[in-house]
Amino acid sequence: MNASDRMLVGQFIERDSAVHRLDPRIKIIGLLLLMIVIMMMDSRSGYAAATVVVLIILLLSKIPLVFYFRGLLPLLPVLILTLLYHTTLGKGQTLLVSYGFLHITVEGILEGIRIVWRILLMILAASALTGTTRPLMLAQGLETLLKPLSKLRVPVEQFSLMIVIAIRFIPTILEEIQRIRLARRARGFEPSNRNPFSRLTEFIPILVPLLVSTARRADNLTFAIEARAYGDGRGRTIFRPLRLTKPDLAAGCLILLIIAILLVIDFNLSNTRI
Amino acid sequence: MKKTVIARQSGWELRDICVELGGTPVLRHIDLRLEPGSWTSLIGKTGAGKSTLVRLIKGLIPEFTGEYRLAGEPIARDRKRRVRVVPEIGFVFQYPEHQIFETTVEKELSFALRMRGDSSKEIAMAIRAILPVFGLREEILHQSPLLLSGGQKRRLAIASVLIANPGLLILDEPTAALDPVSRRELLRVLRAWQRGGLHGERRTVLFISHRIEDVAEYSDRVALLHEGHLLAHETADDLFLQRNDLLIQSGMPLPEAIELLRLTEHLSGRTLSPSSCREADVLEQVKEAWNARKENRRNGR
Amino acid sequence: MLVFDQVGYYYRRGQEVVKEVSFTIQKGEFISIVGGNGSGKSTLAKLMNGLLLAKQGSVALGEQATSDPDQARDVRQTIGLVFQNPEDQFITTNVTDEIVFGLENIRVPPEQIGGRVQDALRATGLERYADAAPHELSGGQKQRAAVAAVIAMQPQFIVFDEATSMLDPEGRNELIKLMRDLHAQGITIIQITHHMDEVLASRRVLLLDQGKLAFDGPTDRFFREVPLEPYGLEQPFAVRIGQQLGWSGEATADWKGRAASQWSIE
Chain A
1 MNASDRMLVG QFIERDSAVH RLDPRIKIIG LLLLMIVIMM MDSRSGYAAA TVVVLIILLL
61 SKIPLVFYFR GLLPLLPVLI LTLLYHTTLG KGQTLLVSYG FLHITVEGIL EGIRIVWRIL
121 LMILAASALT GTTRPLMLAQ GLETLLKPLS KLRVPVEQFS LMIVIAIRFI PTILEEIQRI
181 RLARRARGFE PSNRNPFSRL TEFIPILVPL LVSTARRADN LTFAIEARAY GDGRGRTIFR
241 PLRLTKPDLA AGCLILLIIA ILLVIDFNLS NTRI
Chain B
275 MKKTVIARQS GWELRDICVE LGGTPVLRHI DLRLEPGSWT SLIGKTGAGK STLVRLIKGL
335 IPEFTGEYRL AGEPIARDRK RRVRVVPEIG FVFQYPEHQI FETTVEKELS FALRMRGDSS
395 KEIAMAIRAI LPVFGLREEI LHQSPLLLSG GQKRRLAIAS VLIANPGLLI LDEPTAALDP
455 VSRRELLRVL RAWQRGGLHG ERRTVLFISH RIEDVAEYSD RVALLHEGHL LAHETADDLF
515 LQRNDLLIQS GMPLPEAIEL LRLTEHLSGR TLSPSSCREA DVLEQVKEAW NARKENRRNG
575 R
Chain C
576 MLVFDQVGYY YRRGQEVVKE VSFTIQKGEF ISIVGGNGSG KSTLAKLMNG LLLAKQGSVA
636 LGEQATSDPD QARDVRQTIG LVFQNPEDQF ITTNVTDEIV FGLENIRVPP EQIGGRVQDA
696 LRATGLERYA DAAPHELSGG QKQRAAVAAV IAMQPQFIVF DEATSMLDPE GRNELIKLMR
756 DLHAQGITII QITHHMDEVL ASRRVLLLDQ GKLAFDGPTD RFFREVPLEP YGLEQPFAVR
816 IGQQLGWSGE ATADWKGRAA SQWSIE
């Protein structure tokens, strides 16, 4: 995997865009609200409007759309599976084809498309968040938002460090997977190219060394974090504290407005249910 | 199950290989033909293109011009035009113990043989033969590899490649992070195996290493990379005894024994001729010169 | 002053990894700790800054006992630790954040953090890599980033736990030079290593054999008296040839200089 591939899976991509400059907390809350709305979508117009909103966000981020779509590729098998499941095993009335216990209905197909579309939109929106926000900023934003929970003794600081580490190790682990696959090929293992699910089944033996090395990594990391006096993560000074600016507040209002509009579109036109 | 033919004295050959990364030429017109039955070491300082060449051989680089041939045939490439890693070549990657994926030692050792369709009898024989070579005991065959020590894991991983008896073996820093005694032991085993220890026939080895002393000690031939091209492809004796200038030009260090040899030549004003570039032979000549010096001093000269 | 007093440690009862180890390290020393696999070296390193707490005996740093949880932050600020694997000790996503991490942990006021980061980058020669991500760095550079993260915390002792063993010669030389520079600035250096040339650069050697301290003394006495092969070690070239060629005097890393002078006096 070369460098540009590695940048796709949740990686921050440096650009000078309005989305990049937004306070991470606004972005996180905005994403959450957007995801809730998408989950609630019912009408054709609602889906269309939500799609437009997501596309606008992607374009505003100044990250090439190709990057976003390439990031979807690894998920293709899962999405296809989901679609197939609903198409063949879902409930519905207008029967098209029947084979044994498999019923392909119009409603099933539509339900499948609806669900997959929702997942796609949410993933793209989440990618917009991770693509435009530095991992440390993202973690800081989450930590600040969840701070009230720390009164309930929830380890918010450690949770945010976890996120930074997870993002930081994505390229490393991807490289490791590739090395393991290469080692198997070198000893004569040939994945069958005809079977699109062969990549998935090949994963199982790869998991063994991957889990072993990840466990080892986690051990080493714990010592490294402790050795630099992390403690329980509370009371640390903050080098770059988050500060809400006027543009941030304006963007926040805009987001609330858009969410409201989406809800209205969906509600009002819900009789043209797709 | 189909059996793959293992190429023995197969010519491993790179012809006019060029690689450009980000517009800059990283490998220029590399022509490298491994002499069958020889141990060739590939050396070069950081930035010389060594890691790019190794990645190309590993099938990680799609864009290259030139030919990569095995036994006279161009080697298979995948959809993205990267070289396929083929089982005819035994490939030991760095830190091979991190790629152990089977649940028992026995399964790990036999993986390559099962992939190519050996019978269980053949597999059992091969396992029994390879275990003593690497100092692994039969008792561990049904254990999980996770229970082995770090050194044992490394030896298991390497044994799992050698068990298929490839005629051609590529070793990428096999002694990385090993302590001095383990390192010596492993190299001794590999050299003995290369010379025909297991089935009595010499094998071809490409040894990638940054330890110049190991290269001088164990190689028949040395390929020296400098700024993307092959500056030298000599016998080890020639390179370390006659052509130190090439090493200096490419920024590679000299083995300490050779440095002592040159220093002694400089101090004594004489040229010394060790029988080989191996440390014992070099130091023998050096000792002679120093003893001669002692004699001279004693005789008042 | 770091004092180990009859320290014992086990991961599992009955399997002692460190047994009755006692020694004292003064400020400003340059010490090597050597031993075979399973000798307890890494465990010893972690006992030094309280990552692991002694099950027997005590470890004290000056006046502080490292076992005191309230002092943990101070102890870890005073004794820095650089680990073997460059990848597994890089916690954040770029070099600057990596250095900032430790400083935030020890509550350095935000207005001072920037300056300390710059100093650390300069000391390790990483100014150009301030924004580099770990996957853009070589092994040697990642290790230097780890050192930068540690020295920004202004420790008095730094322990290097096999920190060069996964590096290529260039990376190793960079790190060795860095260790020498830090020692020259008054930082106590404790290196755990199996590279004999690195041992030669230090003045005192501690040898661990299955958890017990088998040798504690000057480096040249170590090479003269201790049989090395049982511990997976070998004599450095500089020592070997001195013995084979019958040189007089002490073995040093600068064997070429020693050779030249030996030739003239013989």
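Protein chains in written order, with the working numbering: chain A, 1 to 274; chain B, 275 to 575; chain C, 576 to 841. Cβ atoms here follow ideal geometry from the backbone N, Cα and C, with glycine treated the same way. These numbers were taken from a predicted model, which means no experiment stands behind them.
If you measure between the beta carbons of residue i and residue j, is that distance less than 8 angstroms?
i                         : j                         : result
alanine 738 of chain C    : glutamine 718 of chain C  : yes
lysine 642 of chain C     : leucine 628 of chain C    : Residue identity check: residue 642 of chain C is serine in the sequence provided, not lysine. Cβ distance < 8 angstroms, so serine 642 of chain C and leucine 628 of chain C count as in contact.
leucine 422 of chain B    : isoleucine 404 of chain B : no
leucine 454 of chain B    : methionine 728 of chain C : One point to set straight first is that residue 454 of chain B is proline, not leucine, in the sequence displayed. Taking 8 angstroms as the Cβ cut-off, proline 454 of chain B and methionine 728 of chain C do not qualify as a contacting pair.
glycine 792 of chain C    : glycine 603 of chain C    : no
isoleucine 104 of chain A : threonine 130 of chain A  : no
isoleucine 317 of chain B : serine 418 of chain B     : no
alanine 431 of chain B    : glutamine 373 of chain B  : yes
aspartate 795 of chain C  : alanine 620 of chain C    : no
isoleucine 764 of chain C : methionine 754 of chain C : yes
valine 407 of chain B     : leucine 445 of chain B    : no
arginine 429 of chain B   : arginine 343 of chain B   : no
glycine 364 of chain B    : alanine 438 of chain B    : yes
serine 740 of chain C     : histidine 710 of chain C  : no
Since I believe residue j is in contact with residue i (beta carbons under 8 angstroms), could you give me their beta-carbon distance rounded to a whole number of angstroms?
i                         : j                        : result
valine 843 of chain C     : serine 607 of chain C    : Examination of residue 843 of chain C is not possible in this model, given that chain C is present from 576 through 841 alone.
methionine 526 of chain B : leucine 504 of chain B   : Contact flag wrong, Cβ pair sits at about 13 angstroms.
glutamate 662 of chain C  : threonine 172 of chain A : 6 angstroms
valine 582 of chain C     : valine 596 of chain C    : 5 angstroms
serine 315 of chain B     : valine 463 of chain B    : About 17 angstroms separates the two Cβ atoms, so there is no contact after all.
glycine 610 of chain C    : aspartate 784 of chain C : 6 angstroms
leucine 138 of chain A    : valine 54 of chain A     : Contact doesn't hold; Cβ gap of about 19 angstroms is too wide.
In whole angstroms, what separates the C-alpha of residue i from that of residue j?
i                         : j                            : result
glutamine 468 of chain B  : lysine 427 of chain B        : 21 angstroms
glutamine 731 of chain C  : lysine 319 of chain B        : 35 angstroms
methionine 623 of chain C : arginine 651 of chain C      : 9 angstroms
methionine 576 of chain C : glycine 690 of chain C       : 28 angstroms
leucine 32 of chain A     : leucine 256 of chain A       : 12 angstroms
arginine 833 of chain C   : phenylalanine 385 of chain B : 54 angstroms
serine 777 of chain C     : threonine 827 of chain C     : 10 angstroms
aspartate 5 of chain A    : serine 43 of chain A         : The predicted position of aspartate 5 of chain A is uncertain, since its pLDDT is 45 and thus under 50; no value can be drawn from it.
proline 805 of chain C    : glycine 425 of chain B       : 15 angstroms
arginine 307 of chain B   : phenylalanine 338 of chain B : 17 angstroms
leucine 65 of chain A     : valine 19 of chain A         : 15 angstroms
isoleucine 36 of chain A  : leucine 249 of chain A       : 21 angstroms
methionine 389 of chain B : alanine 229 of chain A       : 49 angstroms
glutamine 693 of chain C  : aspartate 672 of chain C     : 12 angstroms
valine 725 of chain C     : arginine 815 of chain C      : 36 angstroms
arginine 411 of chain B   : glycine 714 of chain C       : 35 angstroms
isoleucine 767 of chain C : leucine 678 of chain C       : 25 angstroms
leucine 83 of chain A     : asparagine 660 of chain C    : 44 angstroms
valine 670 of chain C     : alanine 723 of chain C       : 9 angstroms
glutamate 562 of chain B  : isoleucine 674 of chain C    : 55 angstroms
Which class does residue i belong to by DSSP, given the choice of helix, strand or coil?
i                        : result
aspartate 5 of chain A   : Per-residue confidence for aspartate 5 of chain A stands at a pLDDT of 45, beneath the threshold of 50, marking its modelled position as unreliable; no derived number is given.
glutamine 581 of chain C : strand
alanine 707 of chain C   : coil
isoleucine 63 of chain A : coil
cysteine 292 of chain B  : strand
arginine 181 of chain A  : helix
valine 801 of chain C    : coil
tyrosine 230 of chain A  : coil
valine 357 of chain B    : strand
Kindly indicate the opening and closing residues of the beta strand (DSSP E) around residue i.
i                            : result
threonine 509 of chain B     : 503-509
proline 299 of chain B       : 298-308
phenylalanine 481 of chain B : 478-482
lysine 594 of chain C        : 590-600
glycine 364 of chain B       : 363-366
histidine 500 of chain B     : 495-500
Taking the alpha helix (DSSP H) that residue i belongs to, which residues open and close that run?
i                            : result
valine 734 of chain C        : Valine 734 of chain C -> not in any alpha helix (DSSP H); beta strand (DSSP E) instead, spanning 732-736.
phenylalanine 716 of chain C : The question names phenylalanine, but residue 716 of chain C is glutamine in the sequence shown. Where glutamine 716 of chain C is concerned, the enclosing alpha helix (DSSP H) stretches over 714-726.
leucine 138 of chain A       : 135-146
serine 607 of chain C        : Run containing serine 607 of chain C: none in the alpha helix (DSSP H); it sits in the beta strand (DSSP E), 605-610.
Starting from the beta carbon of residue i, find every residue of chain E whose beta carbon is closer than 7 angstroms, and list them in chain order.
i                         : result
tryptophan 564 of chain B : Among the protein chains of the structure shown, namely A, B and C, there is no chain E.
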